[in-house]
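Shown next, in structure tokens, is the structure this report addresses.
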Amino acid sequence: MKAPAFSYARPRQLAEVLSLLDRHRDEARLLAGGQTLLATLNMRLSEPALLIDLQGLAELRALQVSGNVLRIGAMVTHSAIEASPDVARHAPLLALAAPHIAHRAIRNLGTFCGSIAYGDPAAEWPACLLALDGTVVARSVNGERRIAARDFYTGLYTTALQPNEMIVACEIPLAAPHQRFVFDELSRRHGDYAVVGLAAGAQVQDGVLRQVRLAWLGTGSMPQRSLATEQALEGRTVDEAVIAQAQQTLRQELQVEGDLTHAPATKQHLAGVMLKRALRALTQQPALQA
Ligand SMILES: Cc1cc2nc3c(=O)[nH]c(=O)nc-3n(C[C@H](O)[C@H](O)[C@H](O)COP(=O)(O)OP(=O)(O)OC[C@H]3O[C@@H](n4cnc5c(N)ncnc54)[C@H](O)[C@@H]3O)c2cc1C
-5 MKAPAFSYAR
5 PRQLAEVLSL
15 LDRHRDEARL
25 LAGGQTLLAT
35 LNMRLSEPAL
45 LIDLQGLAEL
55 RALQVSGNVL
65 RIGAMVTHSA
75 IEASPDVARH
85 APLLALAAPH
95 IAHRAIRNLG
105 TFCGSIAYGD
115 PAAEWPACLL
125 ALDGTVVARS
135 VNGERRIAAR
145 DFYTGLYTTA
155 LQPNEMIVAC
165 EIPLAAPHQR
175 FVFDELSRRH
185 GDYAVVGLAA
195 GAQVQDGVLR
205 QVRLAWLGTG
215 SMPQRSLATE
225 QALEGRTVDE
235 AVIAQAQQTL
245 RQELQVEGDL
255 THAPATKQHL
265 AGVMLKRALR
275 ALTQQPALQA
């Protein structure tokens, strides 16, 4: 199928983007890497009157450490994150997750913020943003507001963004000494969306876990943290009994929905296996140095 007819704008200034968004609201769509939007247009799942192309805005390509956060501009691609020494050093979870996203050609064009905005529940970045306690920086003609990752997703492909707002950047707190990270996912083929995935982090000192973060993808209508399981692991040393107890807590709290190929019970089982692997990996890998 071909995309429906639409008008096209390629602004040179952010103010112009915001003004167009404000004027056209739900009738407009931002075009970032186009790796999701163009497919939905071609399938006529989306029929906007206006596409606002962000490619002309060099300022949105910045990926930099700013104070105590890593700031990822709206046009930073998956590949740029994968290759960045700053990401490897300050947000290693992102470096671990990036190779799981689609294939090289898609990673070269698709953007981190586009993935956050789209909010596919099986996508890697939304779960990473949750696990890292990240922040979405949204802007409109009325100014800027910051939305914590835990408040950003409100349902299936639904976010807290208003129709006249765009994401200008996402911010990730810099990894602290003794923090360790694991990213794991099961997909039918490498590069496919996850059947189930886990973005995990913790401070590990003398084998004791603190500030455990467990964010799941592919399990429900949006990415989710398993807060009770995180709490059950706080201050614990990982052994078989602790793993079994954490798995039981996870079974009770994780909201799991089936998809076209996997039943909820299968996904629930896979999540338990992934939790066990992640806890072992977190306690066995070397920590980031102070
Ligand atoms: C074959 C294939 C396989 C894929 N596999 C995976 C995968 O395994 N994992 C994965 O995570 N993704 C996968 N993707 C999707 C890919 O990662 C996309 O790049 C990403 O989801 C969207 O980023 P984009 O820059 O291409 O956004 P676009 O397609 O340009 O936009 C997507 C949506 O987000 C909105 N948007 C974009 N930028 C902003 C912004 N700054 N502010 C507000 N709204 C914005 C757009 O208006 C649109 O509604 C796959 C894509 C393809 C084609």
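Under our numbering, the first residue of the sequence shown is numbered -5, with each subsequent residue one higher.
Cβ coordinates follow ideal geometry from the N, Cα and C atoms, glycine included.
How would you call residue i, buried or exposed, if buried means at least 16 neighbouring beta carbons within 10 angstroms?
i, result
"Arg140", "exposed"
"Asp178", "buried"
"Gly201", "exposed"
"Arg17", "exposed"
"Gly67", "buried"
"Asn62", "exposed"
"Ala284", "The predicted model places Ala284 with a pLDDT of 49, which falls under 50 and marks its position as unreliable, so this point remains unresolved."
"Gly191", "buried"
"Arg182", "exposed"
"Pro120", "buried"
"Ser78", "buried"
"His97", "exposed"
"Gly137", "exposed"
"Gln369", "Any answer about residue 369 is impossible in this case: the structure gives the chain only from -5 up to 284."
"Leu31", "buried"
"Leu12", "buried"
"Glu234", "exposed"
"Leu254", "exposed"
"Val162", "buried"
"Glu53", "exposed"
"Asn36", "exposed"
"Gln173", "buried"
"Ala(-1)", "exposed"
"Gly229", "exposed"
"Arg219", "buried"
"Ala193", "buried"
"Arg23", "buried"
"Gly288", "No information on residue 288 is available, as it lies outside the stretch -5 to 284 that the chain covers here."
"Gly252", "exposed"
"Val89", "A quick correction: the sequence has Ala, not Val, at residue 89. The residue in question, Ala89, is buried, as its Cβ has 16 or more Cβ neighbours within 10 Å."
Among the candidates the options, whose CA atom is the shortest distance from the CA of residue i?
i, options, result
"Ile166", "Val236, Ser215 and Leu87", "Leu87"
"Ser1", "Glu234, Asp47, Arg245 and Gly128", "Asp47"
"Gly212", "His72, Met37, Gln49 and Pro115", "Pro115"
"Arg55", "Val70, Arg83 and Gly61", "Val70"
"Arg207", "Leu273, Pro258 and Gly214", "Leu273"
"Ala28", "Leu90, Gly104, Arg6 and Leu150", "For the record, residue 28 in the displayed sequence is Gly; it is not Ala. Ranking the options by Cα distance to Gly28, first place goes to Gly104."
"Cys164", "Ala9, Arg65, Leu15 and Ser60", "Arg65"
"Ala3", "Asp145, Thr223 and Pro42", "Pro42"
"Ala(-3)", "Val198, Arg38 and Met216", "Arg38"
"Gly50", "Leu32, Ala33 and Leu25", "Leu25"
"Thr223", "Ser215, Gln205 and Met216", "Gln205"
"Phe175", "Gln197, Gln156, Pro157 and Glu159", "Gln197"
"Arg298", "Gly195, Ala125, Leu8 and Met160", "Nothing can be reported for residue 298: it is not among the residues displayed for the chain, which extend from -5 to 284."
"Ala154", "Ala169, Arg245, Ala170 and Ile110", "Ile110"
"Leu248", "Ala89, Pro157, Pro217 and Val81", "Pro217"
"Ala132", "Cys122, Ala125, Ala143 and Leu126", "Ala143"
"Arg101", "Gln262, Thr260, Ala74 and Ala193", "Ala74"
"Leu180", "Glu118, Thr277, Ser134 and Ala22", "Glu118"
"Gln199", "Val232, Val135 and Leu45", "Val232"
"Gln156", "Gln173, Glu251 and Val135", "Val135"
"Thr34", "Met(-5), Glu21, Ala85 and Pro5", "Met(-5)"
"His84", "Pro5, Ala169 and Gln7", "Ala169"
"Ala125", "Ala257, Arg271 and Trp210", "Trp210"
"Ala259", "Val81, Leu203 and Gln246", "Gln246"
"Leu44", "Val59, Gln58 and Leu15", "Leu15"
Quick one: any contact between the stretch 261 to 269 and the stretch 235 to 246, if contact means 3 or more CB pairs under 8 Å? Yes: at least three Cβ pairs fall under 8 Å.
Quick check: the stretch 106 to 122 against the stretch 185 to 199, are at least 3 beta-carbon pairs closer than 8 Å? The answer is yes - the stretch 106 to 122 touches the stretch 185 to 199, with three or more Cβ pairs under 8 Å.
Which whole runs of the alpha helix (DSSP H) in the stretch 92 to 160 are 4 residues long or more, in chain order? Runs of the alpha helix (DSSP H) inside the stretch 92 to 160: 98 to 103, 106 to 112, 118 to 125 and 143 to 146.
Count the C-beta pairs between the stretch 82 to 97 and the stretch 149 to 156 that are closer than 8 Å, then say yes if the count reaches three, no if not. Taking 8 Å as the limit for Cβ pairs, the verdict is that the stretch 149 to 156 does not touch the stretch 82 to 97.
What residue ranges within the stretch 200 to 243 form continuous alpha helix (DSSP H) runs of no fewer than 4 residues, ordered along the chain? Runs found: 221 to 227.
In chain order, what are the residue ranges of uninterrupted beta strand (DSSP E) at least 3 long that sit wholly in the stretch -2 to 80? The stretch -2 to 80 contains these whole beta strand (DSSP E) runs: 1 to 3, 22 to 25, 44 to 47, 57 to 60 and 63 to 67.
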